[in-house]
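Chemist: Dropping a structure here in structure tokens format, bear with me for questions.
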């Protein structure tokens with residue numbers, strides 16, 4: 028006799044801290060409260076890492092050049108980032124999550140997915156769990172969090188943006204497909220500007236437009252992402268909340284006060300970036316097989332080049348040698364260099380890499 032017990036509808040909560048870095052700074056310095064604030068460098072080449080809601084009202088947002096932000100909001104206050112503090116607060120928040128479920132998938136310091144279908148509190152209503160978590164975050168850290176609740180990750184993520192700041196929203200199985208149809212694909216998590224532009228060329232501007240395309244069409248034009256797009260257009264997302272999720276890449280970059288034309292100086296600037304990436308990997312017990320160098324020129328055009336080894340990198344010297352070798356392939360620079368970045372990807376846990384046979388060696392594939 029077949030088991031006809033229906034699969035329970037999953038209960039996924041996406042928690043997203045409100046203007047996290049900026050809110051921490053306003054919490055710790057009462058003089059900053061209620062004022063337009065940007066976390067980041069105020070120098071000519073600075074970039075906004077985070078903006079308070081008071082600053083966002085002027086159109087200031089993360090990744091915006093500081094000079095642009097200051098032009099939009101002349102009274103903008105810049106404060107340098109304190110990542111050690113943000114990480115400590117993030118850990119406090121993670122401990123609150125763990126009181127409710129072991130199924131926690133962090134996306135960054137300030138957001139995570141939680142699967143509360145079966146939870147440690149025995150609570151049946153996911154919206155009540157989200158309310159409790161948000162209240163406890165406020166009590167412990169003094170910070171506001173928003174939340175989205177739905178039956179899959181894609182819709183939970185979309186829901187968390189609906190009532191920001193300091194709010195939450197639910198998208199039910201009944202409402203999910205209809206909700207997706209009305210949205211611009213530009214707002215879809217997983218659809219970046221370049222993909223949205225490609226979709227527009229095929230007449231895809233809303234969820235309903237996306238739903239009208241066949242699976243074969245989406246696979247042909249969007250490759251491996253095709254099945255994902257086909258599903259989310261129908262409110263379907265089968266991805267599980269993965270507590271063991273490993274980052275896909277670790278990167279660091281720097282925008283220079285003055286443009287660089289000399290290869291020797293550019294190589295010197297590359298070294299601390301490689302060291303920063305490697306320190307993070309060591310702390311997390313991971314390594315990677317692929318190193319990528321990003322270069323942005325004075326006219327804001329950019330390019331990347333990568334090399335992939337048969338086994339993960341063993342030490343910082345190897346990472347830096349590979350990165351500096353890639354940088355040299357750009358020289359002579361077609362324009363002066365505004366920014367450099369180093370990324371390590373194809374990440375793997377060190378314990379897993381220890382089982383690979385043979386000594387670490389780099390197979391160079393440009």
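In our numbering, the protein residues as written are 28 to 393.
For every residue, glycine included, the Cβ atom is placed at its ideal position computed from N, Cα and C.
Fair warning: this is a prediction, and the values are worked out from it, not measured in the lab.
1. Under a three-way DSSP split, which group does residue 199 fall into?
2. Which whole-angstrom value describes the C-beta separation of residue 74 and residue 57, a residue pair presumed to lie in contact below a C-beta threshold of 8 Å?
3. Counting only runs that start and end within the stretch 267–303, where is the beta strand (DSSP E) found for 3 or more residues in a row?
4. Which residues bound the beta strand (DSSP E) around residue 50?
5. Since residue 164 and residue 170 are thought to touch, with beta carbons under 8 Å apart, how far apart are those beta carbons, to the nearest angstrom?
6. Roughly how many angstroms separate the alpha carbons of residue 210 and residue 202, rounded to a whole number?
7. If residue 360 and residue 288 are in contact, beta carbons under 8 Å, what's the gap, nearest whole angstrom?
8. I'd like the list of long-range same chain contacts for residue 96, defined as Cβ closer than 7 Å, with 5 residues on each side in sequence excluded.
9. If we ignore side chains and look at the alpha-carbon of each, how far apart do residue 41 and residue 324 end up?
10. Write down the C-beta distance between residue 133 and residue 100 rounded to the nearest angstrom, noting that I regard them as a contact closer than 8 Å.
11. Rank 212, 216, 270 by C-alpha distance to the C-alpha of residue 228 and give the top, closest one.
12. With three or more beta-carbon pairs closer than 8 Å as the criterion, would you say the stretch 214–228 touches the stretch 249–261?
13. Near residue 45, which residues of its chain fall below 8 Å by C-beta distance, leaving aside the five closest residues on each side in sequence?
14. DSSP on residue 140, reduced to helix/strand/coil?
15. Rounded to the nearest angstrom, how far is the Cβ of residue 297 from that of residue 369, given a contact under 8 Å?
16. How about residue 376 and residue 322: do their beta carbons lie closer than 7 Å?
17. Buried or exposed for residue 28, going by 16 or more other Cβ atoms inside 10 Å?
18. Within the same chain, show all residues whose beta-carbon is closer than 7 Å to that of residue 303, passing over the 5 residues directly before and after it, in chain order.
19. Thinking C-alpha only, which one of 243, 270, 266, 269 is nearest residue 257?
20. Name the one or two DSSP bridge partners that residue 324 has.
21. On the premise that residue 367 lies in contact with residue 301, defined as a C-beta separation below 8 Å, what is that separation, rounded to the nearest angstrom?
22. Are the beta-carbon atoms of residue 317 and residue 333 separated by less than 7 Å?
23. Please work out which residues of its chain come closer than 6 Å, Cβ to Cβ, to residue 262, disregarding the five sequence neighbours upstream and downstream, and give them in chain order.
24. Specify, as a first and last residue, the run of the alpha helix (DSSP H) that residue 93 falls within.
25. Rounded to the nearest angstrom, how far is the Cβ of residue 371 from that of residue 315, given a contact under 8 Å?
26. Can you tell me whether residue 269 is buried or exposed? The criterion is at least 16 other CB atoms within 10 Å of its CB, across all chains shown.
27. Does the distance from the CB of residue 141 to the CB of residue 131 come in under 7 Å?
28. Look at the Cβ atom of residue 175, then the Cβ atom of residue 196, and state whether they are nearer than 7 Å.
29. What first and last residue would you give for the beta strand (DSSP E) that runs through residue 107?
30. To the nearest angstrom, how far is it from the Cα of residue 264 to the Cα of residue 216?
31. In whole angstroms, give me the CA-to-CA distance for residue 364 and residue 358.
32. For residue 118, which residues does DSSP report across the bridge?
33. Spatial neighbours of residue 245 within its chain, please: CB distance less than 7 Å, with the 5 preceding and 5 following residues excluded, ordered by chain position.
34. Please state whether DSSP places residue 348 in a helix, a strand or coil.
35. Mapping the DSSP letters down to three states, classify residue 391 as helix, strand or coil.
Modeler: So, to answer that:
1. For this step, residue 199 is matched to residue 172 along the chain shown. Three-state result, residue 199: coil.
2. As a first step, residue 74 must be located in the chain shown, where it is residue number 47. As a first step, residue 57 must be located in the chain shown, where it is residue number 30. Residue 57 and residue 74 do not touch by the CB rule: their CB atoms are close to 26 Å apart, not below 8 Å.
3. Those beta strand (DSSP E) runs which fall completely within the stretch 267–303 and span 3+ residues are 276–287.
4. By 1-based counting over the chain shown, the position of residue 50 is 23. Not the beta strand (DSSP E): residue 50 falls in the alpha helix (DSSP H), residues 47–55.
5. To locate residue 164, count along the chain shown from 1; it is residue 137. To locate residue 170, count along the chain shown from 1; it is residue 143. In this structure residue 164 touches residue 170 by the C-beta definition: roughly 6 Å separates them, less than 8 Å.
6. By one-based count along the chain shown, residue 210 stands at place 183. By one-based count along the chain shown, residue 202 stands at place 175. Each residue's alpha carbon lies about 13 Å from the other.
7. Along the chain shown, read from residue 1 onward, the residue named residue 360 stands at position 333. Along the chain shown, read from residue 1 onward, the residue named residue 288 stands at position 261. With 8 Å as the limit, residue 360 and residue 288 qualify as a contact, their Cβ atoms being about 6 Å apart.
8. Here residue 96 corresponds to residue number 69 of the chain shown, with the count starting at 1. The answer, listed in chain order, is 65, 75, 87, 103.
9. Residue mapping note: residue 41 aligns to position 14 of the chain shown, counting from 1. Residue mapping note: residue 324 aligns to position 297 of the chain shown, counting from 1. Straight through space, the alpha carbons of residue 324 and residue 41 are spaced by roughly 37 Å.
10. For the purposes of this step, residue 133 is taken as the residue at position 106 of the chain shown. For the purposes of this step, residue 100 is taken as the residue at position 73 of the chain shown. With a Cβ gap of about 31 Å, residue 133 and residue 100 do not count as contacting.
11. Position 201 of the chain shown holds residue 228. Nearest neighbour of residue 228 by Cα position, chosen from 212, 216, 270, turns out to be 212.
12. Counting Cβ pairs under 8 Å, three or more are found: they touch.
13. In the chain shown, counting from the first residue as 1, residue 45 sits at position 18. Hits under 8 Å: 80, 170, 171, 172, 173, 191, 192, 193.
14. Numbered from its first residue, the chain shown carries residue 140 at position 113. Strand, per DSSP.
15. For the purposes of this step, residue 297 is identified with residue 270 of the chain shown, where counting begins at 1. For the purposes of this step, residue 369 is identified with residue 342 of the chain shown, where counting begins at 1. With a beta-carbon spacing of about 6 Å, residue 297 and residue 369 fall inside the 8 Å limit used to define contacts.
16. Within the chain shown, numbered from 1, the residue matching residue 376 stands at position 349. Within the chain shown, numbered from 1, the residue matching residue 322 stands at position 295. Taking 7 Å as the Cβ cut-off, residue 376 and residue 322 do not qualify as a contacting pair.
17. Indexing the chain shown from 1 puts residue 28 at position 1. Its pLDDT being 45, under 50, residue 28 is placed unreliably by the model, and the measurement read from it follows with that caveat. The residue in question, residue 28, is exposed, as its Cβ has fewer than 16 Cβ neighbours within 10 Å.
18. Position 276 of the chain shown holds residue 303. If we look at residue 303 and ignore the five residues flanking it on each side, its Cβ neighbours are 279.
19. Here residue 257 refers to the residue found at position 230 when the chain shown is read from its first residue. Out of 243, 270, 266, 269, 243 has the C-alpha closest to the C-alpha of residue 257.
20. Within the chain shown, the letter at position 297 stands for residue 324. Residue pairing by DSSP places residue 324 opposite 364 in a beta bridge.
21. Within the chain shown, the letter at position 274 stands for residue 301. Within the chain shown, the letter at position 340 stands for residue 367. Not quite, the Cβ-Cβ distance comes to about 10 Å (not below 8 Å), so this is no contact.
22. Within the chain shown, residue 317 is the residue found at index 290, counting from 1. Within the chain shown, residue 333 is the residue found at index 306, counting from 1. Cβ atoms of residue 317 and residue 333: closer than 7 Å.
23. Residue numbering aside, residue 262 sits at position 235 when the chain shown is read from its first letter. If the five residues before and after residue 262 are omitted, its C-beta is found closer than 6 Å to the C-beta atoms of 203, 204, 207, all from its own chain and listed in chain order.
24. Here residue 93 refers to the residue found at position 66 of the chain shown. Start and end: 93–99.
25. In the chain shown, the residue the question calls residue 371 occupies position 344. In the chain shown, the residue the question calls residue 315 occupies position 288. About 4 Å; that satisfies the 8 Å criterion.
26. Locating residue 269 in the chain shown gives position 242, where the first residue counts as 1. Exposed.
27. Here residue 141 corresponds to residue number 114 of the chain shown, with the count starting at 1. Here residue 131 corresponds to residue number 104 of the chain shown, with the count starting at 1. Annotated as proximal: residue 141 and residue 131, with beta-carbon spacing under 7 Å.
28. Numbered from 1 along the chain shown, position 148 holds the residue referred to as residue 175. Numbered from 1 along the chain shown, position 169 holds the residue referred to as residue 196. Against a cut-off of 7 Å, the Cβ pair of residue 196 and residue 175 comes out as a contact.
29. Numbered from its first residue, the chain shown carries residue 107 at position 80. Segment: none, residue 107 is in no beta strand (DSSP E) and carries neither H nor E.
30. Residue 264 sits at position 237 when you count from the first residue of the chain shown. Residue 216 sits at position 189 when you count from the first residue of the chain shown. Straight-line Cα distance between these residues: approximately 12 Å.
31. Walking along the chain shown from the start, residue 364 turns up at place 337. Walking along the chain shown from the start, residue 358 turns up at place 331. Rounded to whole angstroms, residue 364 to residue 358 spans 11 Å at the Cα level.
32. Here residue 118 refers to the residue found at position 91 of the chain shown. In DSSP, residue 118 forms no bridge with anything.
33. Stepping through the chain shown from its first residue, residue 245 is reached at position 218. Residues of the same chain with a CB within less than 7 Å of the CB of residue 245, apart from the 5 flanking positions on each side, are 253, 256, 257 in chain order.
34. For this step, residue 348 is matched to residue 321 along the chain shown. Secondary structure at residue 348: helix, using DSSP grouped into helix, strand and coil.
35. Mapped onto the chain shown, residue 391 falls at position 364. Note that residue 391 scores a pLDDT of 30, beneath 50, so its modelled location is shaky and nothing firm can be said.
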